[in-house]
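Undergrad: Be aware that the sequence shown starts at 1, since it is given in the UniProt record's numbering, and climbs by one per residue. Glycine included, C-beta positions come from ideal geometry on N, C-alpha and C. Since the structure is predicted, the reported quantities are computational estimates derived from the model, not experimental observations. Would you mind keeping the following structure in view while I ask a few things?
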Amino acid sequence: MTPLKFLQGYPLQLQEQIRQLIAEERLGDYLARRYSGKHGVQSDKALYAYIQALKQEHLKNAPAIDKVLFDNRLDLTHRALGLHTAISRVQGGKLKAKKEIRVAALFKDAAPEFLQMIVVHELAHLKEAEHNKAFYKLCEYMLPDYHQLEFDLRVYLTWRELQGRSPV
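Given below as structure tokens:
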């Protein structure tokens, strides 16, 4: 039985469907049919503009984002495909919090839907720190098919690993 480490939290029936696609060597075809495009967000500057546009559309009152970048060092050893941080610094007599969003460099070459899902996930952390019901409700508000995209992203990571490429 093929271990599916990225899909462990999903029902066994779904895992079996993915195992079947793997056994029939059709997993790549499944992904190519669903996610054939490639986005044009290739630089940190373009990623910043992309994230700001999504933030402006869905989270106007969320804190400002100070830094956005594709991170080559971000990978599954950190258990993250995206990362949000708030760095507090003392400036003069005030405490300033700088918000950062880092997206794994893998998403430069991924389908636009996967980039959007990761960005929505990280933006939701501006309002909800924990992965709770309110967090996922906010993700669904920003991206109605969020849960399907998250599942398919995990399938994509499984496929990359089977191809002998590092998932991230």
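Starting from residue 120, follow its DSSP beta bridges and name the residues at the other end.
TA: Paired residues: none, contrary to the question.
Undergrad: Is the Cβ-Cβ distance between residue 59 and residue 123 less than 7 Å?
TA: For residue 59 and residue 123, yes; Cβs fall inside 7 Å.
Undergrad: Can you say whether residue 156 is buried or exposed, counting buried as having 16 or more other CB atoms within 10 angstroms of its CB?
TA: Result: buried.
Undergrad: Threshold first: 4 residues or longer. Then list the alpha helix (DSSP H) segments lying entirely within the segment 12–43, N to C.
TA: The segment 12–43 contains these whole alpha helix (DSSP H) runs: 12–23 and 27–34.
Undergrad: Who are the near neighbours of residue 117 in its chain, counting only those whose CB is closer than 7 Å to its CB and skipping five residues on each side?
TA: Counting only Cβ-Cβ distances below 7 Å, and skipping sequence neighbours, we find 143, 146, 149, 150 and 153.
Undergrad: Could you compute how far the alpha carbon of residue 22 sits from the alpha carbon of residue 164?
TA: Spanning the two alpha carbons is a distance of roughly 14 Å.
Undergrad: Just to confirm, is the Cβ distance from residue 63 to residue 162 under 7 Å?
TA: Result no, Cβ atoms of residue 63 and residue 162 do not sit closer than 7 Å.
Undergrad: Should residue 115 and residue 39 be called a contact, given that it needs their Cβ atoms to be closer than 7 Å?
TA: The answer is yes: Cβ separation under 7 Å.
Undergrad: Can you give me the Cβ contacts of residue 28 inside the same chain, cut-off strictly under 7 Å, excluding the 5 residues immediately before and after it?
TA: If we look at residue 28 and ignore the five residues flanking it on each side, its Cβ neighbours are 159.
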